[in-house]
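Here the structure comes first, spelled out in structure tokens, and everything after it is commentary.
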Amino acid sequence: MGRPTSDSNATSDSLTVCDNRTGKLYTIPISNNTVPATAFKQIAAPRKPDEREENETEKGLRVADKGFLNTAVITSEITYIDGEAGETAYLLIYGSLPSKAMYDIFEGEVMHHSIAHSDAEGLFRAFRYDAHPMSILTSAIASLGSMYSEANPSLQGQTLYTKGDAVSLANMDKQIFRLIGKATTLAAMAYRVRQGRKFVTPPAGLSYTGSFLYQMDHLGEDGYMPSPVFAKALDVLFLLHADHELNASCTTVLQTASSLVDPYSAVAAGCASLYGPLHGGANEAVIRMLISIGSPENVPAFIEAVKRREKVLSGFGHRVYKTSDPRSFIVRKTADEVFKVTGKDELLETAMRLHEVAMKDEYFIKRKLAPNVDFCGLIYRAMGFPLDFFPVLFAVPRVVGWLAHWRQMMLQAGGVKIWRPRQVYVGPSRRDYVPIEDRVPVEDPKNTPTPVIHTGQSKRTMLATYIGKSKL
């Protein structure tokens, strides 16, 4: 097949690849320390006689990267993460510090657009009393897309946000103001519907986090003002959580937005992604883990169970950070300020003991499993928020980061291309159709439907007789 030889077309900013199947050399450009995945499509070879047709060998190489471990999908000016050192965050959405006039405009518009449409109350009241607040928030944000026809490219034309002219930018900014402003309002409504309380109109004159706390807790008291310590703590945590590059939820927002859907639908998709226990639900999982451990003296036994893979360790390790998440140091300082007014959470000693034992254990040191920011759940718990509200407290500030990335993608050079990854197909090749009476039953439970065990009314109905009854 031949060895790589010198390539006259190669430059210092390129990668020379030798396809040992054919002996051909290929030069692939390197830009910003990345290579274009599409360049590998030119590396084609004849299909071997015994090779699967579905491999599409003659159509060029595909790049396999399960879980986007090393794939860059967009060029960004928003956030840079150094997983070995920490995070350097660029100012979101507009990329620079505002003048006083610009700040006043931005703050004024966000707070002005915080009031929810009266129809939203009916939507919130339609949920069960025990619905998870993250499900409520996701649905509420999605519903906003049905209220503003001027925000929908399906109705206004697919260049609604991509033209970059004054009209397009103004429309885009208006939706950003609405989503940031309404994020706290809808979150507070999700909280209050669980409490069986009436909703509160956003007050005038309070800060973003102060207004949020007011809407959650005000029960008619005259001159009610939320705790400034709590408002400050939320402000800090919101800043820390506002953006984190292309995490799962941000990627979901951009994947959805690449179809040029309205921003409300895209942000709702981000909420759904954030809901998962491997992402926004992680800080909730940390508290549940600490509760299950109990007192500090139980930590060593728990650590050993984790090493035997009998228990799951939450709040340690990060997909990007390979040292302690730098945000965790700020979280610790904020926790101290909150605990001064609330008293220390009884789980704090357990958390600190867990941190101490794990940081000294060779098992965790080798795997670079350092504690990360999910310990902020201790602050939320001390402030009296229920566990299932933690993901909502993550989603509210992250809306800002999602919108920054969405705006950047809409305005990127060359327009928006729909995100359409490829797969590596390893399923069956072409099969002949077999009549149902001649088919051999499949025994693998992973490839067959699981029958549902019916009880109550369903069981009685199945035993009844009626015209048109299906044969189950």
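At position 242 of the sequence shown the residue is numbered 242 (UniProt numbering), and the sequence of numbers has no breaks. Using N, Cα and C, we set each Cβ at its ideal position, and we do this for glycine too.
Measuring straight from C-alpha to C-alpha, what distance separates residue i and residue j?
i           : j      : result
Arg309      : Phe302 : 10 Å
Ala142      : Thr57  : 42 Å
Gly86       : Asp65  : Confidence at Gly86 is low in this model, with a pLDDT of 40, below 50, so its placement is unreliable and the value that follows should be read with caution. Distance between the alpha carbons of Gly86 and Asp65: 24 Å.
Ser149      : Thr138 : 19 Å
residue 473 : Val357 : This structure cannot speak to residue 473, because the chain is shown only from 1 to 472.
Met102      : Leu348 : 42 Å
Asp173      : Ser249 : 21 Å
Gln175      : Val253 : 15 Å
Ile74       : Thr184 : 29 Å
Asp130      : His454 : 23 Å
Thr323      : Gly220 : With a pLDDT of 48 at Thr323, under the threshold of 50, the predicted position of this residue should be treated as unreliable, and no value is reported.
Gln195      : Met225 : 20 Å
Ser258      : Tyr466 : 49 Å
Glu77       : Arg439 : 56 Å
Val452      : Val442 : 18 Å
Ala464      : Arg178 : 53 Å
Pro391      : Asn298 : 27 Å
Thr88       : Ser429 : Its pLDDT being 34, under 50, Thr88 is placed unreliably by the model, and nothing is read from it.
Asn171      : Tyr264 : 13 Å
Val110      : Ser99  : 16 Å
residue 477 : Leu411 : Look at the range of the chain in this structure, 1 to 472, and you will see that residue 477 is not part of it.
Gly427      : Lys471 : 31 Å
Val286      : Leu278 : 11 Å
Ser168      : Gly414 : 16 Å
Ala188      : Gly343 : 25 Å
Ser31       : Asp13  : 7 Å
His132      : Phe389 : 8 Å
Lys417      : Leu69  : 22 Å
Asp361      : Ala282 : 22 Å
Go through its chain and collect everything with a Cβ distance to residue i's Cβ below 6 Å, but skip five positions before and after it.
i           : result
residue 478 : What is shown of the chain runs 1 to 472, which leaves residue 478 out entirely.
Gln255      : Trp419
Ala72       : Thr34
Glu304      : none
Let's test the definition: count the other Cβ atoms within 10 Å of the Cβ of residue i and tell me whether it reaches 16, buried, or not, exposed.
i           : result
Asp217      : buried
Asp119      : exposed
Asp222      : exposed
Tyr433      : exposed
Thr350      : buried
Val17       : buried
Leu290      : buried
Thr461      : exposed
Ala166      : exposed
Ile293      : buried
Tyr363      : exposed
Ser273      : buried
Thr38       : exposed
Asn247      : buried
Gly210      : buried
Asp243      : buried
Leu186      : buried
residue 482 : The first residue shown for the chain is 1 and the last is 472, placing residue 482 beyond what the model contains.
Leu15       : exposed
Would residue i and residue j qualify as a contact pair, given that the criterion is a beta-carbon distance under 8 Å?
i      : j      : result
Arg407 : Ile93  : yes
Ala45  : Thr22  : yes
Val267 : Val400 : no
Pro202 : Gln215 : yes
Ala395 : Gly280 : yes
Ala404 : Asp262 : no
Gly270 : Trp402 : yes
Ile379 : Val341 : no
Phe124 : Ile115 : no
Glu284 : Gly384 : no
Gly181 : His113 : yes
Phe127 : Val63  : no
Phe212 : Glu121 : no
Pro153 : Leu160 : yes
Pro449 : His241 : no
Leu387 : Arg288 : yes
Gly60  : Lys48  : no
Tell me which same chain residues have a C-beta within less than 8 Å of the C-beta of residue i, skipping the five on either side of it?
i           : result
Val306      : Val312 and Leu313
Gly67       : none
residue 483 : The structure shown has nothing for residue 483, since the chain only spans 1 to 472.
Arg422      : Arg62
Spatial neighbours of residue i within its chain, please: C-beta separation below 7 Å, excluding the five flanking residues on both sides.
i      : result
Tyr425 : Glu54
Thr334 : Ala233, Val236, Leu237 and Ile379
Glu51  : Thr57
Pro296 : Glu349, Thr350 and Arg353
Return the Cβ separation of residue i and residue j in integer angstroms, given the expectation that the two are a contact with Cβ distance under 8 Å.
i           : j      : result
residue 486 : Ile105 : Summary: the structure shown does not reach residue 486, with the chain confined to residues 1 through 472, and so no result is reported for it.
Asp345      : Arg381 : 6 Å
Let me see if you follow: with CB-CB separation under 8 Å, is residue i close to chain C or not?
i      : result
Val400 : The chain labelled as chain C is not found in the depicted structure, where only one protein chain is given.
Any heavy atom of the ligand NAP inside 7 Å of the beta-carbon of residue i?
i      : result
Ala305 : Absent from the structure shown: the ligand NAP. Ligands present: none.
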